[in-house]
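>
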Amino acid sequence: MKDYGTLIKKIRLEKGLSQKNIYEGIMTRQTYYLIETNVSMPSFDKFLMILEKLFISVDEFLYLVDPEMCPTEMQLYHQLSEAVFKKDQKMLDFLTEKSQQLYSLSNKQHYFHLNLITQAMSYLNKVPVEPESINFLNELMQPIKQYLIGIDKWYLYELKLLNNSLYCFELSEAIALGTLVGKKIDVLSDLEQYQDIKLRIYLNLSSLCLNCQDYENTLFFSTLAKENAQNNYRLFETIIAKLNYEIAQTASLKQSENRQITHYLTILEDLDYKETVLEYQKILKSNAIYY
1 MKDYGTLIKK IRLEKGLSQK NIYEGIMTRQ TYYLIETNVS MPSFDKFLMI LEKLFISVDE
61 FLYLVDPEMC PTEMQLYHQL SEAVFKKDQK MLDFLTEKSQ QLYSLSNKQH YFHLNLITQA
121 MSYLNKVPVE PESINFLNEL MQPIKQYLIG IDKWYLYELK LLNNSLYCFE LSEAIALGTL
181 VGKKIDVLSD LEQYQDIKLR IYLNLSSLCL NCQDYENTLF FSTLAKENAQ NNYRLFETII
241 AKLNYEIAQT ASLKQSENRQ ITHYLTILED LDYKETVLEY QKILKSNAIY Y
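Residue 1 is where the sequence shown starts when you use the working numbering, and the numbers rise one by one after that.
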(Lines of atoms letter the chains of each structure in order from A and count residues from 1; the text may use other names and numbers.)
(Lines give C-alpha, C1' and ligand atoms only; values in the text may rest on other atoms or scores of the structure.)
Protein backbone atom coordinates (compact mmCIF):
# COMPACT_ATOMS: atom_id res chain seq x y z
CA MET A 1 0.00 0.00 0.00
CA LYS A 2 1.54 3.26 -1.09
CA ASP A 3 1.87 5.96 1.60
CA TYR A 4 -0.05 3.84 4.14
CA GLY A 5 1.95 5.44 6.98
CA THR A 6 1.14 8.95 5.81
CA LEU A 7 -2.56 8.02 5.85
CA ILE A 8 -2.31 6.53 9.35
CA LYS A 9 -0.66 9.76 10.55
CA LYS A 10 -3.32 11.90 8.82
CA ILE A 11 -6.17 9.96 10.47
CA ARG A 12 -4.42 10.13 13.86
CA LEU A 13 -3.98 13.91 13.66
CA GLU A 14 -7.56 14.42 12.46
CA LYS A 15 -8.78 12.52 15.51
CA GLY A 16 -6.53 14.55 17.83
CA LEU A 17 -4.53 11.52 18.98
CA SER A 18 -0.86 11.49 19.95
CA GLN A 19 1.60 8.88 18.71
CA LYS A 20 1.67 7.45 22.24
CA ASN A 21 -2.10 6.96 22.11
CA ILE A 22 -1.51 4.59 19.22
CA TYR A 23 1.75 2.74 19.82
CA GLU A 24 1.42 2.25 23.59
CA GLY A 25 0.90 -1.43 24.36
CA ILE A 26 1.56 -2.44 20.75
CA MET A 27 5.14 -1.49 19.85
CA THR A 28 7.95 0.95 20.60
CA ARG A 29 7.77 4.62 19.67
CA GLN A 30 10.62 4.17 17.18
CA THR A 31 8.88 1.26 15.44
CA TYR A 32 5.68 3.27 15.14
CA TYR A 33 7.60 6.30 13.84
CA LEU A 34 9.03 4.15 11.04
CA ILE A 35 5.49 3.08 10.10
CA GLU A 36 4.14 6.64 9.95
CA THR A 37 7.08 7.69 7.78
CA ASN A 38 6.46 4.80 5.32
CA VAL A 39 9.84 3.21 6.11
CA SER A 40 8.44 -0.08 7.40
CA MET A 41 5.08 -1.82 7.32
CA PRO A 42 3.48 -3.42 10.40
CA SER A 43 2.52 -7.09 10.56
CA PHE A 44 -1.17 -7.65 9.94
CA ASP A 45 -2.04 -8.21 13.62
CA LYS A 46 -0.24 -4.98 14.60
CA PHE A 47 -1.94 -3.18 11.72
CA LEU A 48 -5.35 -4.24 13.06
CA MET A 49 -4.40 -3.02 16.55
CA ILE A 50 -3.39 0.36 15.12
CA LEU A 51 -6.71 0.66 13.28
CA GLU A 52 -8.60 -0.26 16.44
CA LYS A 53 -6.89 2.60 18.31
CA LEU A 54 -7.71 4.92 15.41
CA PHE A 55 -11.38 3.83 15.66
CA ILE A 56 -11.49 2.90 11.98
CA SER A 57 -12.34 -0.38 10.24
CA VAL A 58 -10.17 -2.21 7.73
CA ASP A 59 -12.73 -1.53 4.99
CA GLU A 60 -12.73 2.20 5.77
CA PHE A 61 -8.94 2.33 5.72
CA LEU A 62 -8.68 0.45 2.43
CA TYR A 63 -11.29 2.73 0.91
CA LEU A 64 -9.20 5.76 1.89
CA VAL A 65 -6.10 4.09 0.39
CA ASP A 66 -7.80 3.22 -2.90
CA PRO A 67 -11.35 4.58 -3.40
CA GLU A 68 -11.57 2.96 -6.82
CA MET A 69 -10.89 -0.63 -5.78
CA CYS A 70 -12.49 -1.32 -2.43
CA PRO A 71 -16.04 -0.10 -3.07
CA THR A 72 -16.18 -2.46 -6.05
CA GLU A 73 -15.73 -5.55 -3.93
CA MET A 74 -18.00 -4.37 -1.11
CA GLN A 75 -20.66 -3.25 -3.58
CA LEU A 76 -20.56 -6.59 -5.40
CA TYR A 77 -21.08 -8.52 -2.17
CA HIS A 78 -23.96 -6.22 -1.26
CA GLN A 79 -25.52 -6.73 -4.70
CA LEU A 80 -25.03 -10.48 -4.34
CA SER A 81 -26.92 -10.52 -1.03
CA GLU A 82 -29.80 -8.59 -2.58
CA ALA A 83 -29.87 -10.78 -5.69
CA VAL A 84 -29.99 -13.96 -3.59
CA PHE A 85 -32.77 -12.56 -1.41
CA LYS A 86 -34.84 -11.44 -4.42
CA LYS A 87 -33.90 -14.51 -6.53
CA ASP A 88 -32.83 -12.08 -9.25
CA GLN A 89 -31.23 -14.33 -11.87
CA LYS A 90 -30.25 -11.48 -14.19
CA MET A 91 -28.29 -9.80 -11.41
CA LEU A 92 -26.65 -13.11 -10.45
CA ASP A 93 -25.55 -13.63 -14.06
CA PHE A 94 -24.21 -10.07 -14.20
CA LEU A 95 -22.27 -10.53 -10.95
CA THR A 96 -20.78 -13.80 -12.18
CA GLU A 97 -19.54 -12.12 -15.33
CA LYS A 98 -18.37 -8.97 -13.51
CA SER A 99 -16.39 -10.87 -10.87
CA GLN A 100 -14.76 -12.96 -13.61
CA GLN A 101 -13.73 -9.79 -15.46
CA LEU A 102 -12.26 -8.26 -12.31
CA TYR A 103 -10.35 -11.44 -11.54
CA SER A 104 -8.98 -11.61 -15.09
CA LEU A 105 -7.83 -7.98 -14.88
CA SER A 106 -6.37 -8.04 -11.37
CA ASN A 107 -5.64 -11.72 -10.68
CA LYS A 108 -6.73 -11.05 -7.09
CA GLN A 109 -7.91 -14.06 -5.11
CA HIS A 110 -10.74 -12.02 -3.55
CA TYR A 111 -12.44 -11.74 -6.93
CA PHE A 112 -11.80 -15.42 -7.68
CA HIS A 113 -13.59 -16.38 -4.46
CA LEU A 114 -16.40 -13.95 -5.21
CA ASN A 115 -16.80 -15.46 -8.68
CA LEU A 116 -17.10 -18.98 -7.24
CA ILE A 117 -19.77 -17.84 -4.78
CA THR A 118 -21.78 -16.00 -7.45
CA GLN A 119 -21.61 -19.06 -9.71
CA ALA A 120 -22.83 -21.27 -6.87
CA MET A 121 -25.68 -18.94 -5.89
CA SER A 122 -26.71 -18.60 -9.53
CA TYR A 123 -26.73 -22.38 -9.91
CA LEU A 124 -28.77 -22.87 -6.71
CA ASN A 125 -31.27 -20.31 -7.97
CA LYS A 126 -31.83 -22.36 -11.14
CA VAL A 127 -31.44 -25.98 -10.10
CA PRO A 128 -33.08 -27.91 -7.22
CA VAL A 129 -30.67 -29.43 -4.70
CA GLU A 130 -30.16 -33.02 -5.87
CA PRO A 131 -27.17 -35.45 -5.76
CA GLU A 132 -25.91 -34.24 -9.15
CA SER A 133 -26.14 -30.58 -8.19
CA ILE A 134 -24.43 -31.27 -4.85
CA ASN A 135 -21.49 -32.87 -6.67
CA PHE A 136 -21.21 -29.83 -8.95
CA LEU A 137 -21.28 -27.41 -6.01
CA ASN A 138 -18.72 -29.46 -4.07
CA GLU A 139 -16.31 -29.26 -7.00
CA LEU A 140 -17.01 -25.55 -7.56
CA MET A 141 -16.47 -24.61 -3.90
CA GLN A 142 -13.41 -26.79 -3.38
CA PRO A 143 -10.89 -23.90 -3.80
CA ILE A 144 -12.65 -21.87 -1.08
CA LYS A 145 -12.76 -24.89 1.24
CA GLN A 146 -9.05 -25.59 0.67
CA TYR A 147 -8.20 -21.93 1.22
CA LEU A 148 -10.05 -21.76 4.55
CA ILE A 149 -8.62 -25.02 5.85
CA GLY A 150 -5.11 -24.05 4.76
CA ILE A 151 -5.07 -20.74 6.69
CA ASP A 152 -3.73 -21.05 10.25
CA LYS A 153 -5.54 -18.01 11.61
CA TRP A 154 -8.72 -16.49 10.26
CA TYR A 155 -9.01 -12.72 10.05
CA LEU A 156 -12.06 -10.74 8.95
CA TYR A 157 -11.71 -11.72 5.30
CA GLU A 158 -11.78 -15.46 6.07
CA LEU A 159 -14.77 -15.07 8.39
CA LYS A 160 -16.69 -13.05 5.82
CA LEU A 161 -15.76 -15.54 3.10
CA LEU A 162 -17.11 -18.43 5.16
CA ASN A 163 -20.30 -16.55 6.01
CA ASN A 164 -20.95 -15.61 2.37
CA SER A 165 -20.34 -19.14 1.10
CA LEU A 166 -22.04 -21.23 3.83
CA TYR A 167 -25.16 -22.04 1.83
CA CYS A 168 -23.06 -23.17 -1.13
CA PHE A 169 -21.52 -26.05 0.83
CA GLU A 170 -22.99 -29.44 1.60
CA LEU A 171 -24.38 -29.39 5.15
CA SER A 172 -21.65 -31.62 6.61
CA GLU A 173 -18.93 -29.40 5.13
CA ALA A 174 -20.62 -26.19 6.32
CA ILE A 175 -20.79 -27.67 9.83
CA ALA A 176 -17.15 -28.78 9.69
CA LEU A 177 -16.00 -25.31 8.59
CA GLY A 178 -18.24 -23.65 11.17
CA THR A 179 -16.66 -25.61 13.99
CA LEU A 180 -13.26 -24.24 12.96
CA VAL A 181 -14.30 -20.66 13.76
CA GLY A 182 -13.42 -20.95 17.44
CA LYS A 183 -10.11 -22.66 16.67
CA LYS A 184 -8.91 -20.53 13.77
CA ILE A 185 -10.12 -17.07 14.71
CA ASP A 186 -7.31 -14.61 15.41
CA VAL A 187 -6.26 -13.40 18.85
CA LEU A 188 -7.95 -10.08 18.06
CA SER A 189 -11.35 -11.81 18.05
CA ASP A 190 -12.65 -9.46 20.74
CA LEU A 191 -12.86 -6.65 18.17
CA GLU A 192 -16.47 -5.69 17.40
CA GLN A 193 -16.21 -6.59 13.70
CA TYR A 194 -15.02 -10.09 14.57
CA GLN A 195 -17.86 -10.56 17.04
CA ASP A 196 -20.46 -9.40 14.54
CA ILE A 197 -19.39 -11.74 11.75
CA LYS A 198 -18.84 -14.68 14.14
CA LEU A 199 -22.37 -14.20 15.46
CA ARG A 200 -23.71 -14.09 11.89
CA ILE A 201 -21.92 -17.36 11.04
CA TYR A 202 -23.39 -19.15 14.05
CA LEU A 203 -26.87 -17.81 13.30
CA ASN A 204 -26.68 -18.84 9.65
CA LEU A 205 -25.39 -22.28 10.58
CA SER A 206 -28.19 -22.80 13.09
CA SER A 207 -30.76 -21.77 10.46
CA LEU A 208 -29.12 -23.95 7.81
CA CYS A 209 -29.18 -26.97 10.13
CA LEU A 210 -32.78 -26.25 11.13
CA ASN A 211 -33.86 -26.10 7.47
CA CYS A 212 -32.19 -29.51 6.97
CA GLN A 213 -33.85 -30.82 10.18
CA ASP A 214 -30.46 -31.48 11.77
CA TYR A 215 -31.67 -30.65 15.28
CA GLU A 216 -28.52 -31.68 17.15
CA ASN A 217 -26.34 -29.18 15.29
CA THR A 218 -29.11 -26.56 15.35
CA LEU A 219 -29.01 -26.76 19.14
CA PHE A 220 -25.21 -26.55 19.12
CA PHE A 221 -24.87 -23.52 16.82
CA SER A 222 -27.91 -21.67 18.20
CA THR A 223 -26.40 -22.01 21.69
CA LEU A 224 -23.16 -20.43 20.41
CA ALA A 225 -25.19 -17.71 18.70
CA LYS A 226 -27.14 -17.02 21.90
CA GLU A 227 -23.92 -16.66 23.90
CA ASN A 228 -22.40 -14.27 21.36
CA ALA A 229 -25.60 -12.25 20.91
CA GLN A 230 -26.10 -11.81 24.66
CA ASN A 231 -22.48 -10.75 25.11
CA ASN A 232 -23.04 -8.01 22.50
CA TYR A 233 -26.62 -7.14 23.48
CA ARG A 234 -28.05 -7.99 20.04
CA LEU A 235 -31.82 -8.22 20.56
CA PHE A 236 -32.85 -9.52 17.12
CA GLU A 237 -30.00 -12.03 16.94
CA THR A 238 -30.73 -13.25 20.48
CA ILE A 239 -34.37 -13.88 19.60
CA ILE A 240 -33.49 -15.72 16.38
CA ALA A 241 -30.92 -17.89 18.17
CA LYS A 242 -33.40 -18.74 20.94
CA LEU A 243 -36.15 -19.41 18.42
CA ASN A 244 -33.96 -21.80 16.42
CA TYR A 245 -32.98 -23.55 19.66
CA GLU A 246 -36.58 -23.99 20.83
CA ILE A 247 -37.79 -25.26 17.43
CA ALA A 248 -34.94 -27.78 17.20
CA GLN A 249 -35.52 -28.98 20.75
CA THR A 250 -39.29 -29.29 20.24
CA ALA A 251 -38.89 -31.16 16.94
CA SER A 252 -36.19 -33.50 18.29
CA LEU A 253 -38.47 -34.41 21.24
CA LYS A 254 -41.32 -34.91 18.73
CA GLN A 255 -43.52 -32.41 20.53
CA SER A 256 -46.18 -30.39 18.73
CA GLU A 257 -46.34 -27.28 20.95
CA ASN A 258 -43.98 -24.90 22.71
CA ARG A 259 -45.12 -21.65 24.32
CA GLN A 260 -41.65 -20.15 24.08
CA ILE A 261 -41.87 -20.33 20.27
CA THR A 262 -45.12 -18.36 20.37
CA HIS A 263 -43.49 -15.84 22.72
CA TYR A 264 -40.50 -15.23 20.41
CA LEU A 265 -42.68 -14.98 17.29
CA THR A 266 -44.86 -12.41 19.06
CA ILE A 267 -41.78 -10.32 19.87
CA LEU A 268 -40.67 -10.48 16.22
CA GLU A 269 -44.15 -9.38 15.10
CA ASP A 270 -44.06 -6.49 17.57
CA LEU A 271 -40.67 -5.49 16.17
CA ASP A 272 -42.22 -5.55 12.67
CA TYR A 273 -40.17 -8.47 11.31
CA LYS A 274 -43.17 -9.79 9.40
CA GLU A 275 -41.19 -11.54 6.64
CA THR A 276 -39.09 -13.33 9.23
CA VAL A 277 -42.22 -14.51 11.03
CA LEU A 278 -43.66 -15.86 7.76
CA GLU A 279 -40.47 -17.86 7.13
CA TYR A 280 -40.65 -19.37 10.59
CA GLN A 281 -44.30 -20.24 10.11
CA LYS A 282 -43.27 -22.35 7.11
CA ILE A 283 -40.54 -24.06 9.17
CA LEU A 284 -42.99 -24.80 11.99
CA LYS A 285 -45.51 -26.24 9.54
CA SER A 286 -42.89 -28.53 7.96
CA ASN A 287 -42.02 -29.80 11.46
CA ALA A 288 -45.66 -30.24 12.53
CA ILE A 289 -45.29 -27.72 15.35
CA TYR A 290 -48.26 -25.55 16.36
CA TYR A 291 -48.02 -22.16 18.02
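The C-beta atom is built at its ideal place from N, Cα and C for all residues, glycine as well. Only a predicted model underlies this, so the values are computations on that prediction, with no experimental measurement involved.
Please name the residue, chosen from Q101, W154, L219, that lies closest to K184 on a Cα-to-Cα basis.
Answer by Cα proximity: W154.
> Using 8 angstroms as the Cβ pair cut-off and three pairs as the minimum, do the segment 10 to 17 and the segment 51 to 60 touch?
With a cut-off of 8 angstroms, the segment 51 to 60 and the segment 10 to 17 count as touching, because enough Cβ pairs lie within range.
> Applying the 10 Å Cβ sphere with the 16-neighbour rule, what's the burial state of M298?
The requested residue 298 is not part of the displayed model; the chain covers only 1 to 291.
> Can you tell me whether E158 is helix, strand or coil according to DSSP?
Here E158 sits in helix by DSSP.
> Would you mind stating whether L208 and L171 have Cβ atoms separated by less than 8 angstroms?
Their beta carbons are under 8 angstroms apart, which means L208 touches L171 by this criterion.
> What does the alpha-carbon distance come out to for the pair K274 and L265?
Cα-Cα distance, rounded: 9 angstroms.
> Can you tell me which of the three DSSP states Y123 falls into?
The answer is helix: DSSP assigns Y123 an H, G or I state.
> Please look up how many angstroms separate the CB atoms of E246 and I261, rounded, as I've assumed it's under 8 angstroms.
About 5 angstroms; that satisfies the 8 angstroms criterion.
> Closest to I267 by CA distance: which of A176, L180, M141, I239 is it?
The residue with the shortest Cα to Cα distance from I267 is I239.
> With DSSP run on the structure shown, which of helix, strand or coil describes Y291?
In the structure shown, Y291 sits in coil (DSSP, three-state: anything other than H, G, I, E or B).
> What first and last residue would you give for the alpha helix (DSSP H) that runs through V181?
Run containing V181: 181 to 184, per the alpha helix (DSSP H) assignment.
> Entirely within the segment 6 to 80 and at least 4 residues each: give me those alpha helix (DSSP H) ranges in chain order.
Segments of the alpha helix (DSSP H) lying fully in the segment 6 to 80: 19 to 23, 29 to 36, 44 to 53, 58 to 65.
> Rounded to a whole number of angstroms, what is the C-alpha to C-alpha distance between I35 and N217?
Approximately 46 angstroms between the Cα atoms of the pair.
> Which value, in whole angstroms, describes the spacing of the CA atoms of F85 and Y280?
Cα-Cα distance, rounded: 16 angstroms.
> Counting only the same chain and skipping the five closest in sequence on each side, list residues whose C-beta sits under 8 angstroms from that of I201.
If we look at I201 and ignore the five residues flanking it on each side, its Cβ neighbours are L159, L162, N163, L166, G178, V181.
> Tell me which same chain residues have a C-beta within less than 8 angstroms of the C-beta of Y123, skipping the five on either side of it?
Hits under 8 angstroms: S133, F136, L137, L140.
> Less than 8 angstroms between the beta carbons of N258 and I289, yes or no?
A contact, by the Cβ cut-off of 8 angstroms.
> With H, G and I counted as helix, E and B as strand and the rest as coil, what does DSSP make of E257?
DSSP places E257 in strand when its eight states are reduced to three.
> Rounded to a whole number of angstroms, what is the C-alpha to C-alpha distance between T96 and L156?
Taking the straight line joining both Cα atoms gives about 23 angstroms.
> For I151, name the three-state secondary structure that DSSP assigns.
Here I151 sits in coil by DSSP.
> Got a sec? Which residues, its chain only, sit under 6 angstroms from M41 by beta carbon, not counting five neighbours each side?
So no residue of the chain qualifies.
> Would you say Q89 and K145 are within 8 angstroms of each other, going by their C-beta atoms?
Against a cut-off of 8 angstroms, the Cβ pair of K145 and Q89 comes out as no contact.
> Taking the alpha-carbon positions, what's the Y215 to N115 distance?
So the two alpha carbons sit approximately 32 angstroms from each other.
> Would you mind sorting T37 into buried or exposed? The rule is 16 or more other CB atoms within 10 Å of its CB.
The residue in question, T37, is exposed, as its Cβ has fewer than 16 Cβ neighbours within 10 Å.
> What first and last residue would you give for the alpha helix (DSSP H) that runs through Y273?
Careful: Y273 lies outside any alpha helix (DSSP H) and carries neither H nor E.
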